[in-house]
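Participant: Before I ask anything, let me first share the structure, which is written out below as structure tokens.
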Amino acid sequence: MERELAVLVKSIRDAGLKVCELVKTGFEVQTKPDRSPVTTVDHEVNRILHNMQRREFPQDGWLSEESPDNPARLTNRRVWIVDPIDGTKALVNRMPEFCISAALIDQGVPIVAAILNPSTDELFTAVRGGGLFLNGKCVSSPPNHDFNPVIMVSAWELRIGRWSTLAETARCRPMYSIANALALVAAGRVQSALTIEPQNEWDLAAGVLLIEESGGTVSDADGNPFVFNRPIPRLRGVIAVAAITDKQLRANLKTHADHAASQPEQKQTAQ
2 MERELAVLVK
12 SIRDAGLKVC
22 ELVKTGFEVQ
32 TKPDRSPVTT
42 VDHEVNRILH
52 NMQRREFPQD
62 GWLSEESPDN
72 PARLTNRRVW
82 IVDPIDGTKA
92 LVNRMPEFCI
102 SAALIDQGVP
112 IVAAILNPST
122 DELFTAVRGG
132 GLFLNGKCVS
142 SPPNHDFNPV
152 IMVSAWELRI
162 GRWSTLAETA
172 RCRPMYSIAN
182 ALALVAAGRV
192 QSALTIEPQN
202 EWDLAAGVLL
212 IEESGGTVSD
222 ADGNPFVFNR
232 PIPRLRGVIA
242 VAAITDKQLR
252 ANLKTHADHA
262 ASQPEQKQTA
272 Q
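In this text, residue positions in the sequence shown follow this note's numbering: the first is 2, and each later residue adds one.
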């Protein structure tokens, strides 16, 4: 997978430079039918990465938030799953938490992944079986001395009080990009990321491999392992726990997630 990773790193770095350029010079913001924002930055990054796939790996499939879904991907053994900008609202509001997320999937399993935060110039990468890297250097998790863990949860779930009981024993911090949050969990900078809201495959594919290669654990909100490149690319939330974390935390998070899921459903609206 050395070639795939090298090609991806170059392309995602090129995309990151384009992001920084557009942030400085300005970009257009439009509204999708679901009322979520999309920008010219999203489209430019999507163009750069899709061109990479078509040029270097034309035999592979493609799934991206900013491309029409081609059902032919379901017949491909390998598929690139990309979120050109995860955290578009953060980008629009100039919050340094948006990122570019890309993963190569082989028979439903991520085997190469990269998440780039253009604001901090941090590029997290992984190849299955090869460990976690940050800007080309192997990441080793620090020892855990934190008895009041930081749990990243969606800003909307935090706002409606979904995790009020969890906040009694942990510090709940809002996340504005789930891919960025998963990278932070993988690096051991926070202890966990948690949501029971449905997620798209492109939100999670790269981060799942980063966490697995860091020695952490990750599953959907029901505790099941992820399988990617589904006909409907939607997944049931995520429970991600850093390798440095007390094993009991995962069980506690699953209990909180089950309790939250049993409560009357609240509909999220675009902000």
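Beta carbons are placed, not taken as given, at the ideal position from N, Cα and C, and that holds for glycine.
Check for me: the alpha helix (DSSP H) holding Ala180 runs from which residue to which?
Facilitator: Ile179 to Ala187 is the span of the alpha helix (DSSP H), which, as asked, contains Ala180.
Participant: In this structure, how does DSSP classify Gly62 when only helix, strand and coil are distinguished?
Facilitator: DSSP places Gly62 in strand when its eight states are reduced to three.
Participant: Kindly list the residues whose CB is nearer than 7 Å to the CB of Asp204, restricted to its own chain and excluding five residues on each side of it in sequence; keep chain order.
Facilitator: Cβ neighbours of Asp204 beyond the five flanking positions: Asp84, Asp87, Ile179 and Ala180.
Participant: Taking just the CA atoms, how far does Trp81 sit from Asn52?
Facilitator: When rounded, the distance between both Cα atoms is 12 Å.
Participant: Let me know if Gly224 comes out buried or exposed under the rule of 16 or more other beta-carbons within 10 Å of its beta-carbon.
Facilitator: It counts as exposed.
Participant: Please confirm whether Leu6 and Val113 have their CB atoms less than 7 Å apart.
Facilitator: Against a cut-off of 7 Å, the Cβ pair of Val113 and Leu6 comes out as a contact.
Participant: So if DSSP puts Leu135 in a beta bridge, which residue, or which two residues, is it bridged to?
Facilitator: Paired residue(s): Phe125 and Lys138.
Participant: Hey, how far is the Cα of Val154 from the Cα of Thr196?
Facilitator: Straight-line Cα distance between these residues: approximately 6 Å.
Participant: Can you grab the Cα-Cα spacing for the pair Gln200 / Phe227, in whole Å?
Facilitator: Cα to Cα, Gln200 sits roughly 12 Å from Phe227.
Participant: Quick one: residues in its chain with C-beta nearer than 7 Å to the C-beta of Ser12, no 5 flanking neighbours on either side, listed in chain order?
Facilitator: Closer than 7 Å at Cβ, skipping near neighbours: Ile49, Leu50 and Met53.
Participant: Quick check: what's the CA-CA separation for His260 versus Asn253?
Facilitator: One C-alpha to the other measures close to 11 Å.
Participant: Rounded to the nearest angstrom, how far is the Cβ of Ser102 from that of Gly217, given a contact under 8 Å?
Facilitator: 17 Å between Cβ atoms; not a contact.
Participant: Could you give the first and the last residue of the continuous alpha helix (DSSP H) run that contains Met53?
Facilitator: From DSSP, the alpha helix (DSSP H) with Met53 extends over Thr41 to Glu57.
Participant: Check whether the segment 93-101 and the segment 170-189 are in contact - that is, three or more C-beta pairs closer than 8 Å.
Facilitator: Cβ pair count under 8 Å is three or more, so yes.
Participant: So which of Leu167, Gly132, Gly131 and Asn136 has the shortest CA-CA distance to Phe125?
Facilitator: That would be Asn136, whose Cα lies nearest to the Cα of Phe125.
Participant: Output the boundary residues of the beta strand (DSSP E) element that contains Ala114.
Facilitator: Where Ala114 is concerned, the enclosing beta strand (DSSP E) stretches over Val110 to Asn118.
Participant: When DSSP labels each residue in this structure, what does Trp157 get in the three-state scheme?
Facilitator: If DSSP states are grouped into helix, strand and coil, Trp157 belongs with the helices.
Participant: Within 10 angstroms of the Cβ of Cys173, are there 16 or more other Cβ atoms? Answer buried if so, exposed if not.
Facilitator: It is buried - the Cβ of Cys173 has at least 16 other Cβ atoms within 10 Å.
Participant: Quick one: is Thr76 buried, meaning 16 or more other Cβ sit within 10 Å of its Cβ, or exposed?
Facilitator: Looking at its Cβ environment, which holds fewer than 16 other Cβ atoms inside 10 Å, Thr76 is exposed.
Participant: Can you name the start and end residues of the beta strand (DSSP E) that Leu105 belongs to?
Facilitator: Note, Leu105: beta strand (DSSP E), Cys100 to Asp107.
Participant: At the level of alpha carbons, what is the spacing between Asn118 and Gly17?
Facilitator: C-alpha separation (whole angstroms): 8 Å.
Participant: Using the C-alpha atoms, what's the distance from Ser68 back to Leu23?
Facilitator: Each residue's alpha carbon lies about 20 Å from the other.
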